[in-house]
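Structure first, commentary second.
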Amino acid sequence: MIRIHPTAEVSAEAEIGEGTAIWNQAQVRNGARIGRECIIGKNVYIDFDVPIGDRVKIQNNCSVYHGAALEDGVFLGPHVVITNDLYPRAINPDGTLQGDADWEVSPVRVCRGAAIGAGAVILPGVTVGAFALVGAGAVVTRDVPAHGLVVGNPARLIGYVCVCGRRLGEDGAGLRCAHCGSRFTNPPE
Numbered sequence: 156m157i158r159i160h161p162t163a164e165v166s167a168e169a170e171i172g173e174g175t176a177i178w179n180q181a182q183v184r185n186g187a188r189i190g191r192e193c194i195i196g197k198n199v200y201i202d203f204d205v206p207i208g209d210r211v212k213i214q215n216n217c218s219v220y221h222g223a224a225l226e227d228g229v230f231l232g233p234h235v236v237i238t239n240d241l242y243p244r245a246i247n248p249d250g251t252l253q254g255d256a257d258w259e260v261s262p263v264r265v266c267r268g269a270a271i272g273a274g275a276v277i278l279p280g281v282t283v284g285a286f287a288l289v290g291a292g293a294v295v296t297r298d299v300p301a302h303g304l305v306v307g308n309p310a311r312l313i314g315y316v317c318v319c320g321r322r323l324g325e326d327g328a329g330l331r332c333a334h335c336g337s338r339f340t341n342p343p344e
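Count along the sequence shown starting at 1, add 155, and that's the number in the numbering used here.
Here it is, written out as C-alpha cells:
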C-alpha cells in the first residue's frame, strides 16, 4: 500500500513504489521514481526525473534537485540539500531570466547505504560512496569514498565507518568495528 498525505503534491507522472509513505507538504515532481518502502518526510522536495532506490528515508525539509540519484538504503537527515549547478544564476548576462536550457546540471550520486547528516549540503558533481557517513552540517565539495566519514566545511575525510554506522578502528590487520565485529581492509572497499 502506498500512503500519500492529502497535502502532498505528487505528480501523476511520478512512479511511487509499494509500501512508500509520503508525508504532509512534500512535493514529488514529474518523472521522479521512488522505490519501495521509502519514507519521504514533511516538506521534502524531489525534483523532476530524480531516481530514488528502495528503503530510502528522507527526513523533513530536504531538497533533492534534478541530476541527483539516491541508491537503495540511503538516509538523508533533516534539512539536507543536494544541489545541481556549479554556476547558478537567475539571469543570463543580457539580463533575461534563465530557462531550463540555461542550467548546467552536474550529477550527484549517493550510493547504497550512505547516510547524510542533518543540514549537510552536497555540491554538484559529487559521489558519496556506499555506506559513507556525512556529518551534520558538512558541505561536501568532492567525492566521498565508500565507508568514508567526512565532516566540516569543506568536508574532509577523518576516518571510516562500518555498515552499522559506527566508526572503524585500526587493529593491525585492517579496520574493525568494535560494535558489531565486522572487519574491513584499509581503506574499506
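Backbone N, C-alpha and C fix where the C-beta goes; we use that ideal spot for every residue, glycine too.
Separation of Arg322 from His286, as counted between CA atoms: For the sequence presented, residue 286 should be read as Phe rather than His. Looking at the two C-alpha atoms, the distance is approximately 11 Å.
Entirely enclosed beta strand (DSSP E) segments - the stretch 269-332, minimum 3 residues: Fully contained in the stretch 269-332 are the following beta strand (DSSP E) runs of length 3 or more, in chain order: 303-306, 311-315.
Endpoints, the beta strand (DSSP E) within which Arg264 is located: Here the beta strand (DSSP E) through Arg264 covers 263-265.
Residue from Gly190, Gly172, Ile159, Glu173 with nearest C-alpha to Gln182: Answer by Cα proximity: Ile159.
Classification of Gly329 by the beta-carbon crowding that lies within 10 angstroms, buried from 16 upward: Under a 10 Å Cβ-count criterion, Gly329 is classified as exposed, with fewer than 16 other Cβ atoms of the shown protein chains found around its own Cβ.
Cβ neighbour criterion (16 or more within 10 Å) applied to Glu151: No answer is possible for residue 151: it lies beyond the span of the chain, which begins at 156 and ends at 344.
Assigned exposure category for Gln253 - 16 Cβ within 10 Å defines buried: Exposed is the call here.
With 16 other Cβ atoms within 10 Å as the buried cut-off, status of Ala310: Ala310 counts as buried, since no fewer than 16 other beta carbons sit within 10 angstroms of its beta carbon.
Collapsed DSSP secondary structure at Asp255 in the structure displayed: In the structure shown, Asp255 sits in a helix (DSSP, three-state: H, G or I).
Buried/exposed call for Val319, threshold 16 Cβ in 10 Å: Checking the sequence shown, residue 319 turns out to be Cys, not Val. Per the 10 Å Cβ criterion, exposed.
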